[in-house]
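Notes for the one structure printed next.
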Amino acid sequence: MIMGLLPVDQVLLIFSILMGFSLSMPLAEMLGVDKRTSKYISIAGLLIALVIVLISPPSGSINMVSGFLSNVDAISYPIAIAILLGGIIGIMSLPVEATDSAHPYLSMILMGVLASIMLVMARDPVAIIASWTLLSVTTFAAVALARDRESLEASVRYSIVGAIASQLLIIGVAFSTPYMFPAVLGQQSLLYVIGLVAIAFTMIAIGFKLGAAPSHSWVPDVYGKASPYVVSVISGSLKLGVVGLAVYVLSYLSPISPGMLSVVLFMSVASMLIGSILPLTQTNAQRILAYSSIAHMGFIFIGLSVLAVSHDNPYAYRLALLGVVFHTLAYALGKSGVFAALNYIRRYSGGLELDVIRSSTAKDPKLTFSLSVHLLNLIGVPPLPGFWGKLFLFMAAAQNLRGLYIGQIPWLVILGIAASVISVYYYLNILRASVAGGSSAGGNRDPDLWASYTSATISILLGVFMYILSYYI
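In our numbering, the protein residues as written are 912 to 1384.
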């Protein structure tokens, strides 16, 4: 297990840095600071926060930070790193010269990263609801700031879904407080039926927020219509805090409800099937990747399914935690990088239909390298992080646990492998269209290209050392 301590003052320092840099963006606009400089200032803020997290390994102790209970453990620590990395890649890909709302956008993204990290570390009801609400508001605003018709439509859809999810979460947290936060109320004696209501509302809210089936219908519309650089940050960074919340909820609430497994399994299976089959009929690269996000939530829910039934099996529980953490890291790097590459392609080809991309001249060796790495990472090809994430998830589901076997057949593992195999087809369709012929149109200094290239390089390095890292989590 990771040893050490992230002191209270350092947690507060991370929050203060992100808040300060976020609030500095409107001031920078008022003072006439140019967009490119503000972009670099935002990246610097995220890098400072990342360094503080990296040099401060967690212990799992619960601390009071500005009135909120927070916990930095072996789950929240790596997910916080993934959130920061995804935020850095997303801001790197921002084409500031072509963006009228660069300063407000940078402010919203920094605030969203703060909210997502708060959510994954939160350990009391007020902190969870506050960080969830802040994350929702900043995400809606970031989508709308592109100010084109499709982005505004996507923002409205996202706002409606977010409002529903927030109401469900408030109900779920209200009912689950005695179970999840005994330190707050000092007792755990609520009726069994109240516990079931708490689990149902909380998991439905989490499913809405993550875009897991059956609450997935908004994902293709929002991810498919919003600007790719916005989707890069949302899918590769901002929503990852919800994954940490899901782990926490299942760890504390699933022991009181044997029926919890059925709910999580249904969400996992439905997400993998919908996210793997529906992209086969799509001809737009952005919508293909939107559906694939649903499939990846299905893979993460494999780990959550194991967590729901493995409290008496420490080995399976640890494998599931490793799988969730590593797959979240892989997802953050893969999605942020691939949407950055799509933003480059869209700006120089005029669209993201596969036929348009295929005939475009917006091709570059760095684009070929980056897209290849990101798409292979999302498929789960070794030694990239996506491989290790899926490996640990499948190993966890292959343990002889209740509900995960039919006779002697590990049916959930087989379904997960089948979904991964199907995904090869549509991922390679994007890759073939993107690298066929053509030459560089944007130049080697294009921000999208460098953001995607940087993310690909980090993915390779992380994948090489990921198995070693598993011994320290």
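Each residue gets a CB set at the ideal place from its N, CA and C atoms; glycine is no exception.
Supposed contact pair LEU1172 and ALA1219 - C-beta distance, whole angstroms, cut 8 Å: As a first step, residue 1219 must be located in the sequence shown, where it is residue number 308. As a first step, residue 1172 must be located in the sequence shown, where it is residue number 261. The Cβ separation is near 5 Å, so the contact holds.
Range of the contiguous alpha helix (DSSP H) that encloses THR1049: One-based indexing of the sequence shown puts residue 1049 at position 138. Taken as a continuous stretch (DSSP letters only), the alpha helix (DSSP H) holding THR1049 covers 1036–1055.
Can you tell me whether ALA1033 is helix, strand or coil according to DSSP? In the sequence shown, the residue the question calls residue 1033 occupies position 122. Looking at ALA1033 - three-state DSSP - the assignment turns out to be strand.
Enclosing alpha helix (DSSP H) for VAL944 [first to last residue]: As a first step, residue 944 must be located in the sequence shown, where it is residue number 33. Unbroken run through VAL944: none, as it is neither H nor E.
With SER1366 and ILE1000 assumed to form a contact (beta carbons below 8 Å), what rounded beta-carbon distance in angstroms separates them? Taking the first residue of the sequence shown as 1, we reach residue 1366 at position 455. Taking the first residue of the sequence shown as 1, we reach residue 1000 at position 89. Between ILE1000 and SER1366 the Cβ distance is about 5 Å, and since that is below 8 Å, they are a contact.
Please classify ILE1317: does DSSP put it in a helix, a strand, or coil? Position 406 of the sequence shown, counting from 1, holds the residue named residue 1317. Reduced to three states, the DSSP call for ILE1317 is strand.
State the Cα-Cα distance for the pair SER1070 and SER1047, rounded to the nearest angstrom. Along the sequence shown, read from residue 1 onward, the residue named residue 1070 stands at position 159. Along the sequence shown, read from residue 1 onward, the residue named residue 1047 stands at position 136. Rounded to the nearest angstrom, the two C-alpha atoms are 8 Å apart.
Alpha carbon to alpha carbon, how far is VAL1235 from TYR1226? Give it in angstroms, no decimals. In the sequence shown, residue 1226 corresponds to position 315, counting from 1. In the sequence shown, residue 1235 corresponds to position 324, counting from 1. One Cα belongs to TYR1226, the other to VAL1235, and the distance between them is close to 14 Å.
Name the DSSP beta bridge partners of ASN1254, please? For this step, residue 1254 is matched to residue 343 along the sequence shown. Answer is none; ASN1254 lacks a bridge partner.
Using the three-state DSSP reduction, which class does ASN1224 fall into: helix, strand or coil? On the sequence shown, residue 1224 is found 313 positions in, with the first residue counted as 1. Note: ASN1224 maps to coil in three-state DSSP.
Could you check where the alpha helix (DSSP H) with ASN1288 kicks off and where it finishes? Stepping through the sequence shown from its first residue, residue 1288 is reached at position 377. Residues 1276–1290.
Given LEU1005 as reference, the closest of LEU1289, ILE954, GLY1318, LEU1189 once Cα atoms are compared: Locating residue 1005 in the sequence shown gives position 94, counting from the first residue. Checked all of LEU1289, ILE954, GLY1318, LEU1189; the closest Cα to LEU1005 is ILE954.
Minimum C-alpha distance to ILE1188 - residue among ALA1330, ILE1317, GLY1209: Along the sequence shown, one-based indexing puts residue 1188 at 277. Ranking ALA1330, ILE1317, GLY1209 by Cα distance to ILE1188 puts ALA1330 first.
Close beta carbons around ASN1254, own chain, < 8 Å, minus the five adjacent residues each side: The residue given as residue 1254 occupies position 343 in the sequence shown. Hits under 8 Å: SER1004, PRO1006, SER1138, PRO1139, TYR1140, SER1143, ASP1359.
Pair within 8 Å by beta-carbon distance, PHE1212 and PRO1296: As a working mapping, residue 1212 is identified with position 301 in the sequence shown. As a working mapping, residue 1296 is identified with position 385 in the sequence shown. No.
Measuring CB atoms only, is the region 1294–1312 touching the region 1256–1267, in the sense that at least three cross pairs come out at less than 8 Å? no
What is the rounded straight-line gap between the Cα of LYS1120 and the Cα of ILE1268? Numbered from its first residue, the sequence shown carries residue 1120 at position 209. Numbered from its first residue, the sequence shown carries residue 1268 at position 357. Roughly 31 Å between the two C-alpha positions.
Assuming GLY1186 and GLY1209 form a contact by the criterion Cβ under 8 Å, report the distance between their Cβ atoms to the nearest whole angstrom. Here residue 1186 corresponds to residue number 275 of the sequence shown, with the count starting at 1. Here residue 1209 corresponds to residue number 298 of the sequence shown, with the count starting at 1. That belief holds up - the Cβ atoms of GLY1186 and GLY1209 are roughly 6 Å apart, short of 8 Å.
Quick one: grab the DSSP three-state call for ASN1311. On the sequence shown, residue 1311 is found 400 positions in, with the first residue counted as 1. In the structure shown, ASN1311 falls within a coil segment according to DSSP collapsed to helix, strand and coil.
Okay, do the region 943–958 and the region 1045–1061 touch, 3+ Cβ pairs below 8 Å being the bar? no
Roughly how many angstroms lie between the CA atoms of ASN1396 and ASN1224, to the nearest whole one? Since the displayed the chain opens at 912 and closes at 1384, residue 1396 lies outside it and no answer follows.
Proximity below 8 Å, CB of ALA1053 to CB of MET1019: Numbered from 1 along the sequence shown, position 142 holds the residue referred to as residue 1053. Numbered from 1 along the sequence shown, position 108 holds the residue referred to as residue 1019. The answer is yes: Cβ separation under 8 Å.
Per-residue burial, TYR1415 [other beta carbons within 10 Å of its own, 16 or more giving buried]: The chain is shown from 912 up to 1384; residue 1415 falls before or after that span and cannot be answered.
If you follow the alpha helix (DSSP H) that ASP1132 is in, where does it begin and where does it stop? Counting from 1 along the sequence shown, the entry for residue 1132 is found at position 221. ASP1132 -> alpha helix (DSSP H) spans 1129–1136.
Between the CA atoms of TRP1361 and ARG1060 - distance to the nearest angstrom: In the sequence shown, counting from the first residue as 1, residue 1060 sits at position 149. In the sequence shown, counting from the first residue as 1, residue 1361 sits at position 450. For ARG1060 and TRP1361, the distance between alpha carbons rounds to 28 Å.
Just to confirm, does LEU1056 get its C-beta within under 7 Å of one of the non-hydrogen atoms of the ligand ADP? In the structure shown, the ligand ADP is absent, as is every other ligand, since no ligand is present at all.
Straight-line Cα distance separating MET1032 from ASN974: As a first step, residue 974 is located in the sequence shown; it is residue number 63 there, counting from the start. As a first step, residue 1032 is located in the sequence shown; it is residue number 121 there, counting from the start. In this prediction, ASN974 has a pLDDT of 47, which is less than 50 and means its spatial position is unreliable; nothing more can be read from the coordinates.
Looking only at its own chain, which residues have a Cβ that is under 6 Å from the Cβ of LEU957, when we skip the five neighbours before and after it? Walking along the sequence shown from the start, residue 957 turns up at place 46. Excluding positions up to five away in sequence, the list reads LEU995, GLY998, ILE999.
Cβ-based neighbour list, GLY1118, same chain, cut-off 7 Å, excluding 5 preceding and 5 following: As a first step, residue 1118 is located in the sequence shown; it is residue number 207 there, counting from the start. Same-chain partners within the cutoff: SER1126, MET1178.
Residues bridged to ILE1064 (per DSSP): Residue numbering aside, residue 1064 sits at position 153 when the sequence shown is read from its first letter. The amino acid at residue 1064 is misidentified as Ile; the sequence shows Glu. Per DSSP, none; premise fails for GLU1064.
Since TYR1382 is in the alpha helix (DSSP H), which residue starts that stretch and which ends it? Within the sequence shown, the letter at position 471 stands for residue 1382. It is not in any alpha helix (DSSP H) - TYR1382 carries neither H nor E in the DSSP assignment.
Separation of LYS1150 from ILE990, as counted between CA atoms: For the purposes of this step, residue 990 is taken as residue 79 along the sequence shown, with counting starting at 1. For the purposes of this step, residue 1150 is taken as residue 239 along the sequence shown, with counting starting at 1. Rounded to whole angstroms, ILE990 to LYS1150 spans 11 Å at the Cα level.
Beta-carbon proximity list for ALA1116, same chain, < 7 Å, skipping 5 on both sides: The sequence position of residue 1116 within the sequence shown is 205, counting from 1. Result list for ALA1116: ALA1076, LEU1079, LEU1080, GLY1083, in chain order.
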